Structures are given as structure tokens and as C-alpha cells.
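According to the working numbering, the stretch in the sequence shown is residues 448 to 741, in order. This report refers to the structure that appears directly beneath it.
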Amino acid sequence: MTTPVLFDVPGPKARARIRIGTVVGALVVLAIVAFVLVRLGGNGQLDGQRWAILFDPSTNVPQRLFEALLRTLQAAALAMVLATALGLLLAVARLSDHRWVRLPVAAVIEFFRAIPLLVVIFALYFVLPGFGIRLSTYVALTAGLVLYNMAVIAEIVRAGILSVDRGQRDAALAVGMRKSQVMTLVLLPQAVRRMLPILIAQLVVLLKDSSLGFIIGYFELLRQARSLVEYFTPRFGNDYTFQLYVAAALIYIVINVLLSQLAKYVERRTRQNAKTAAAAAPTLPAGVVPGQES
């Protein structure tokens with residue numbers, strides 16, 4: 448049995464062109480990096496004294512950035528858990544055979560997918576008080592992240608479930624499994640392995656979107672960096688502006704890289720478990736039907 452491929456295997460000339468393109472692209476990137484470093488060095492932005500402020504406890508900068516990081520993770524972590532759980536429920540509901548369940552759920556998903564996240568956060572924080580509901584900046588940001596991302600995750604999960612071969616669902620129903628058992632025991636385990644990379648990518652986006660709390664005054668990482676810039680600018684001008692924003696950006700990058708590595712680890716483990724289960728499955732002699740061995 449041959450495995451279908453989506454593209455032809457490159458030949459010697461194509462591989463040579465790929466290598467040349469890779470080298471040229473790397474040289475261009477290095478040239479851009481060198482140009483930026485030269486400009487920064489010419490402006491004095493690479494002076495060690497300017498960067499020392501990020502590590503000097505007497506300036507209170509490391510402490511405030513760490514506190515902001517905790518607030519960012521607090522909002523993002525809760526939003527990740529709630530958005531994933533609600534997205535899973537909405538995906539299953541949208542696949543329901545009952546129109547009275549499927550249609551309202553589809554409307555909710557499409558509604559929150561269509562509205563920009565910033566508008567959702569604005570509505571929760573500025574519009575709801577007009578109806579007597581006042582939310583803190585933390586609750587408004589977290590709720591906005593949950594409402595928007597649950598709709599996106601619901602579509603990711605639904606696509607993952609639909610990607611499983613329909614014959615497996617039919618076979619599970621044929622042996623007497625209930626629909627709930629088919630979903631939880633047959634479809635979802637396979638769908639999770641397929642949708643895990645894009646699901647983690649969406650959670651990374653959620654983490655970065657937590658910076659929108661800046662707009663409503665929530666002191667997440669970006670808002671704290673801006674506050675530090677506003678504090679140091681009257682005293683030292685723009686000497687530390689670049690360093691503070693770079694520190695916030697690097698923290699976001701490190702967290703996202705760690706999250707991506709976690710996703711790769713989980714994906715690798717699930718693949719290994721799937722291979723182990725397949726290898727441990729007993730093989731029956733030819734012509735023997737399960738349940739009729741004797």
C-alpha cells in the first residue's frame with residue numbers, strides 16, 4: 448500500500464535551489480540583524496548601564512515586571528482552561544443531531560468569532576455597567592478572552608472530530624455503543640491528537656491577546672512596561688524606554704516558546720502511546736471473527 452503525498456519529492460536541482468534559497472535567506476536575515484545592532488549601538492541603546500536597570504532590585508523594575516507577569520499568567524491560564532472546556536462542549540453540541548441544540552450553538556459560535564476581541568472586552572467593561580453589571584478589569588479581560596477563544600476552539604475541535612474517518616463512527620455504532628460513548632471513546636481521542644498543534648497555537652494567541660488588558664487599565668505585562676516608561680521618562684528621558692519594552696517582549700517570547708515546547712512534548716507522548724497501544728493489540732488468526740474465537 449502506497450502512502451499518498453501532497454507534493455513530489457524534490458530532485459537534485461530542486462534541492463540545490465532550496466539550499467541556495469536557504470543560504471540567501473539566512474544572509475539577508477543576518478544583514479538585517481547586523482544593521483539593527485549597528486543602529487542601536489550608534490544610539491547608545493546597547494550600553495550595559497541601560498540594561499542593568501532590568502536586573503537591579505533597587506530600581507524596583509524586576510519586582511514590578513515579575514508581578515505583572517504573574518497577573519498576565521493569572522488571566523491567561525484561567526482563560527485557557529475555561530475557553531478549552533467551553534469550546535469542547537460547544538463543538539460537541541454543534542455536532543448534535545438535534546436542530547434545536549445545533550442551531551443556537553452555531554449562532555453563538557459564529558457571533559463571537561465574528562466580533563473582534565477588543566470589542567468584546569470593551570463591551571464587558573464599558574457597556575455592562577449601563578445595565579447595572581460592573582466587572583473588574585481582571586474579570587472583563589478574562590471573560591473577553593474566554594468568549595472569543597471558546598468560539599475559535601469550538602471550530603478547531605469540530606474540525607478535528609470531522610477529520611476522523613466516518614467508518615469508525617459507523618463501526619462503533621454497529622457494535623452497540625451509544626453516541627456519547629462513540630464521541631468520548633472513539634472520536635475525541637483521535638481528534639485530540641490531530642488538532643493538538645493548532646489548539647496549542649490558539650492558546651499561544653490567547654496568551655498574547657492578554658496584552659489587550661492594557662486598554663482597560665489591567666496591569667498585565669505590557670501595561671506595566673508602559674507604566675515604568677512613564678515613571679522613568681520625566682527623570683531620564685527616553686534612556687530606558689527601549690529596554691523596558693524589549694524586556695516585556697522577551698518575556699512573552701520565552702513563555703510562548705515554553706508553551707510550544709510543551710505542545711510538542713504532549714504530541715510526542717500521545718503518538719508514542721498510540722503506537723504502543725497498536726503494538727499491544729492482539730492479532731487474531733485469519734478468518735476468526737471477534738467474539739467467535741471458540
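We put the beta carbon where it would ideally sit given N, CA and C, even for glycine. In this text, all values refer to a predicted model and were calculated from it rather than measured experimentally.
Legend entry - Distance CB(Ser657)-CB(Thr519) smaller than 8 angstroms: yes
Inset, instruction - May I ask which residues mark the beginning and end of the alpha helix (DSSP H) holding Val622? - result: That residue, Val622, is in no alpha helix (DSSP H); it is neither H nor E in DSSP.
Legend entry - Close Cβ partners of Met571 (< 7 angstroms) along its chain, the five nearest in sequence each way excluded: For the sequence presented, residue 571 should be read as Leu rather than Met. Within the same chain, Leu571 has close Cβ partners Leu582, Ala587, Ala590 and Gly591.
Legend entry - Separation of Met630 from Leu691, as counted between CA atoms: 48 angstroms
Legend entry - Buried/exposed call for Ala478, threshold 16 Cβ in 10 Å: exposed
Inset, instruction - Take the Cβ of Asn596 as the centre, count every other Cβ of all protein chains shown within 10 Å, and call the residue buried at 16 or more, exposed below. - result: buried
Inset, instruction - Count the other CB atoms, across all protein chains shown, that sit within 10 Å of the CB of Thr469; report buried if there are 16 or more and exposed otherwise. - result: exposed
Inset, instruction - Have a look at Gln510 and Lys711 and give me their C-alpha separation to the nearest angstrom. - result: 31 angstroms
Inset, instruction - Let me know the beta strand (DSSP E) ranges lying completely inside the region 550-631, each 3 residues or longer, listed in chain order. - result: none
Inset, instruction - Excluding the 5 residues preceding and the 5 following Gly738 in the sequence, name in chain order all residues of the same chain whose CB lies nearer than 6 angstroms to its CB. - result: Below a pLDDT of 50, predicted positions are generally treated as unreliable, and Gly738, at 46, falls in that range; no measurement from the model is reported.
Inset, instruction - Quick one: residues in its chain with C-beta nearer than 6 angstroms to the C-beta of Ala530, no 5 flanking neighbours on either side, listed in chain order? - result: Val593, Asn596, Met597 and Ile600
Legend entry - Same chain, Cβ closer than 6 angstroms to Leu484, five either side skipped, listed in chain order: none
Inset, instruction - Work out the CA separation of Leu632 and Ala621 for me, nearest whole Å. - result: 15 angstroms
Legend entry - Val651: first and last residue of the uninterrupted alpha helix (DSSP H) it sits in: Leu635 to Asp656
Inset, instruction - Measuring only between beta-carbons, confirm whether Arg560 sits less than 8 angstroms from chain D. - result: Looking at the structure shown, chain D is missing, and only one protein chain is on hand.
Inset, instruction - Assign Glu667 to one of two classes, buried (16 or more other C-beta atoms within 10 Å of its C-beta) or exposed (fewer than that). - result: buried
Legend entry - Outcome for Gln708 when other beta-carbon atoms lying within 10 angstroms are tallied against a minimum of 16: exposed
Inset, instruction - Decide if the region 534-544 is in contact with the region 552-571; the criterion is three or more beta carbon pairs, one per stretch, under 8 angstroms apart. - result: yes
Inset, instruction - Write down every uninterrupted run of the alpha helix (DSSP H) in the region 483-527 whose length is 4 residues or greater and which is fully enclosed by it, in chain order. - result: 495-499
Legend entry - Given Ile698 as reference, the closest of Arg716, Gln671 and Phe683 once Cα atoms are compared: Gln671
Legend entry - The alpha helix (DSSP H) enclosing Val676, as first and last residue numbers: Leu668 to Phe683
Inset, instruction - Measuring alpha carbon to alpha carbon, tell me which of Ile603, Gln521, Lys626 and Ser505 ends up nearest Pro644. - result: Ile603
Inset, instruction - Please confirm whether Ala695 and Leu669 have their CB atoms less than 8 angstroms apart. - result: yes
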